[in-house]
Each structure stands twice: as C-alpha cells, then as structure tokens.
Ligand SMILES: Cc1cc2nc3c(=O)[nH]c(=O)nc-3n(C[C@H](O)[C@H](O)[C@H](O)COP(=O)(O)O)c2cc1C
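Right under this line is the structure:
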C-alpha cells in the first residue's frame with residue numbers, strides 16, 4: 502500500500518497544480534519539496550529505490566533512471582528527488598552569475614500532447630547560491646532508502662545571457678571550477694534554445710574550442726582535487742545525421758565521458774494547431790520522443806558500443822524508457838513525464854528497465 506501512495510497522492514495534487522500557471526505550479530512544488538525533504542512529510546513522495554546497478558563512465562549508477570536538468574535549477578531539492586528513487590539527479594543549469602531569465606509568461610502546458618514549451622532562459626541564483634545548496638544536501642550521508650550505493654549527482658553548467666558568445670568558454674570554465682569538487686559528473690549544456698546563440702556552440706569549430714578548453718581545465722582540476730569527474734555534453738534534437746557525426750567525433754577527440762541526448766526541440770510539427778503551440782521556446786515531453794530517439798540511434802552508430810549515452814526526451818511510461826535503451830542509451834532521464842505522471846513514473850521506468858534487463862540476460 503505505501504508504494505501506491507505517491508501515485509494516488511499525485512493524482513489528487515495534479516488538478517490542483519494544473520489550476521495554476523505552469524511556472525507558479527512549479528514554484529509551489531519546489532517550495533513544498535524543499536520544506537518537506539528530510540522530514541517525515543517526505544513519505545508523501547518517497548519510494549524505495551529500484552536496485553538495478555550499472556557501471557558507466559567509471560561511476561556506479563544505482564539504477565538507470567535520472568532526473569533531467571532544469572527542474573531544480575538552484576539545487577534546492579536534491580534530497581527530495583533522492584527520496585523518489587532516482588538513480589541519479591542532475592541539477593542546474595547554473596550560470597556564473599545570478600540572472601532573471603526571460604520575461605514571464607515563459608512556460609506553457611500542452612496537455613493534449615503531454616508536452617511543455619519553455620523559454621525560461623537559465624533563470625537561476627548563480628554559482629555561489631547553487632554550491633551552497635549542493636553542500637547542504639544530505640543524500641550522500643543517508644545513502645538513500647533501499648539503496649546499496651548512493652544516488653549520483655550531476656551538476657549542469659551554462660553561460661550567462663549577458664556574456665558574449667565569443668566569451669562563452671570563460672563562463673563554462675568558471676562554472677566547472679566551482680562545481681567540480683562537488684559533482685559525481687558535470688554536464689556541459691550547449692543545447693538550450695533559450696539563450697541566444699548557445700546552440701551555435703554545437704558546431705564544429707566552436708565545439709572544438711570549447712571542449713578543448715574544458716578538457717584541459719579538467720586535467721588541472723583532477724590533479725588539484727585528486728579525483729577525475731566525468732564530463733558529459735548535452736545536445737539538441739534538432740541536428741541532422743552529419744552534425745551528429747561531427748559532434749560524436751569531437752566528443753571522442755577531446756576525451757569527453759558521455760553525451761546527454763537530448764534537450765528540448767524547436768520543431769512544432771507534432772503540436773500544430775494546439776493552444777500555445779506557436780509560443781517561442783523549447784518543446785519537451787511526448788512530441789520530442791521520436792527526434793530524441795533518432796539522435797540517440799545516430800549517436801550510437803557514430804560512437805560505437807561502450808561510449809556512454811544518457812537518453813532523455815519524452816519518457817512518460819516504462820515502455821518509453823525501454824525504447825530509449827533500445828535506441829542505444831545506457832541510462833535515461835525524465836523531466837516532463839514527472840509533471841504529467843508524478844513521482845510514480847520514477848519507479849515504473851526503473852522497474853521496466855530492470856525487467857527488460859532480466860529478459861535479455
Ligand atoms: C521547463 C524546462 C526547463 C528546462 N531547463 C533545462 C536546463 O536548465 N538545462 C538543461 O540542460 N535542460 C533543461 N531542460 C531540458 C530537459 O532537461 C530535457 O532535456 C528535455 O525537457 C527533454 O526531456 P523531457 O521530454 O523528459 O522533458 C528543461 C526542460 C523544461 C521542460
């Protein structure tokens with residue numbers, strides 16, 4: 502019975518939350534999680550973590566379902582997400598300085614397609630506040646309910662809107678310096694559609710320069726902190742096969758440890774005619790699933806076996822999680838699915854992947 506509690510409670514909470522503007526609902530939820538994490542009230546959303554360990558990029562993932570970046574941009578609720586049973590949680594995107602993001606409204610629901618459009622624009626409290634929150638989190642001490650190894654923490658970094666794109670490297674390096682000692686892995690986010698020109702960092706020369714600088718800094722940080730934290734690069738779904746192949750080769754050349762595919766899409770074909778469909782920003786949820794799976798399959802073909810791929814985009818069920826693995830991903834992340842399905846999706850997806858592995862063994 503306790504296992505049914507999170508889903509049934511979310512069934513009650515969802516109509517209430519969907520009565521608010523999406524960003525307001527988001528704030529109410531995060532405030533609630535921040536207040537209740539590490540208290541007895543956390544039982545409202547807690548579930549035992551599915552034990553499905555996997556070794557990837559030199560890390561031990563306790564299971565294959567993670568929280569995608571952007572839901573907890575300021576790293577306020579890490580322990581709450583740990584209690585939901587995620588194998589890994591990625592917080593951020595953080596930028597060196599605090600910034601307000603784009604004018605509101607900037608987040609829209611498209612419930613007919615289980616989708617969201619957002620153009621938040623990396624609204625966040627900046628690196629110092631982010632690191633203070635990360636250091637307050639207790640999940641490493643508690644080990645997590647039912648876990649044999651602790652949940653992993655990914656820290657996702659970006660650039661400030663005011664930093665010219667030619668100086669983007671400075672922002673990534675400043676963030677990398679700050680997050681490195683606290684991260685199980687670091688994600689270089691170059692794929693948000695809501696920061697002008699950010700996605701241009703995915704193209705040949707810019708990517709080469711950025712990853713060259715980041716790789717060099719990682720060597721210095723690894724020596725200073727006596728630990729080598731894996732670096733993942735997060736890419737967009739709006740890339741053709743040739744662009745994916747160039748990115749794959751560049752990731753390998755610079756010794757990156759993994760790729761996260763994908764971020765939100767600029768495409769609108771799947772939502773044409775629906776309310777809010779023409780809002781500017783990135784589309785997430787069910788409509789990005791196919792493009793995300795295509796990019797994952799192209800990455801796997803270009804990278805070969807053994808190079809870690811974290812699959813994200815449109816997971817709303819256990820079957821969707823399995824399809825990501827079938828496309829070539831090693832582990833998966835969810836964001837929009839959590840809004841539509843609630844915390845029960847974490848366990849559903851993790852169990853589906855565990856069963857899938859059992860069937861293949
Ligand atoms: C409101 C919102 C904000 C997001 N912010 C970020 C972000 O700050 N950094 C990032 O790397 N991805 C961000 N994302 C992208 C998600 O991490 C994910 O890659 C994308 O939404 C596809 O997965 P989904 O269909 O499960 O949501 C955001 C997504 C949404 C919906």
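In the numbering used here, the protein residues as written are 502 to 862. The C-beta atom is built at its ideal place from N, Cα and C for all residues, glycine as well. Every value quoted in this text rests on a predicted model; they were computed, and no experiment measured them.
- Around the beta carbon of residue 783, 16 or more other beta carbons sit within 10 angstroms, so the residue counts as buried.
- The Cβ-Cβ distance between residue 624 and residue 602 falls below 7 Å.
- Rounded to whole angstroms, the gap between the alpha carbons of residue 848 and residue 832 is 14 Å.
- Under DSSP, residue 684 forms no beta bridge with any residue.
- Straight through space, the alpha carbons of residue 695 and residue 662 are spaced by roughly 9 Å.
- Uninterrupted alpha helix (DSSP H) stretches at least 4 residues long and entirely within the region 691–759 occur at 705–726, 742–754, given in chain order.
- Inter-segment contact for the region 805–815 and the region 840–855 is absent: fewer than three beta-carbon pairs are separated by less than 8 Å.
- Exclusion of the five residues before and after residue 707 leaves 701 as the residues of its chain whose Cβ lies within less than 7 Å of its Cβ.
- A direct Cα-to-Cα measurement between residue 681 and residue 730 gives close to 7 Å.
- With a contact defined as Cβ atoms closer than 8 Å, residue 614 and residue 787 qualify at about 5 Å.
- Under the three-state reduction of DSSP, residue 539 is assigned to coil, being neither helix nor strand.
- Distance from the C-beta of residue 569 to the nearest heavy atom of ligand 1 is below 6 Å.
- When DSSP states are grouped into helix, strand and coil, residue 816 belongs to the coil group.
- Between residue 763 and residue 792 the beta-carbon gap is near 7 Å, inside 8 Å, which marks them as a contact.
- Excluding sequence positions up to five before and after residue 780, its CB lies within less than 6 Å of the CB of 609, 618, all in the same chain and listed in chain order.
- Taking 6 Å as the cut-off, the C-beta of residue 818 does not count as close to any heavy atom of ligand 1.
- With a minimum length of 4 residues, the unbroken runs of alpha helix (DSSP H) contained wholly in the region 604–687 fall at 628–637, 640–643, 669–680.
- In the structure shown, residue 791 falls within a helical segment according to DSSP collapsed to helix, strand and coil.
- Minimum Cα-Cα distance from residue 767 among the listed residues 716, 758, 830, 736 corresponds to 736.
- Assignment of beta-bridge partners to residue 589 by DSSP yields 567, 653.
- Taking the Cβ atoms as the reference, residue 580 lies roughly 21 Å from residue 526, outside the contact range of under 8 Å.
- In terms of Cβ geometry, residue 584 and residue 634 do not form a close pair [threshold 7 Å].
- Scanning its chain for C-beta atoms nearer than 7 Å, with the 5 sequence neighbours on each side dropped, one finds around residue 755 the residues 712, 713, 716, in chain order.
- In terms of CA proximity to residue 830, 565 leads the group 565, 543, 510, 547.
- Taking C-beta atoms under 8 Å as the contact rule, residue 674 and residue 718 qualify, at a distance of about 5 Å.
- DSSP places residue 784 inside the beta strand (DSSP E), whose first and last residues are 783–786.
- Per DSSP, reduced to three states, the secondary structure at residue 796 is helical.
- Residues of the same chain with a CB within less than 6 Å of the CB of residue 627, apart from the 5 flanking positions on each side, are 598, 599 in chain order.
- Note on geometry: alpha-carbon atoms of residue 582 and residue 631 lie some 16 Å from one another.
- Between residue 558 and residue 758, the gap from beta carbon to beta carbon is short of 7 Å.
- Per DSSP, residue 839 is one residue of the alpha helix (DSSP H) stretching across 837–842.
- Cβ neighbours of residue 572 within its own chain (closer than 6 Å, five residues either side excluded): 836.
- For residue 595 and residue 739, the gap between their C-alpha atoms comes out near 23 Å.
- Out of 800, 653, 753, the CA that lies nearest to the CA of residue 743 is found in 800.
- Within its own chain, the residues whose Cβ lies closer than 7 Å to the Cβ of residue 560, once the five positions on either side in sequence are excluded, are 653, 685, 686, 731, listed in chain order.
- At a threshold of 6 Å, residue 772 does not count as near ligand 1, since its beta carbon sits no closer than that to any of the ligand's heavy atoms.
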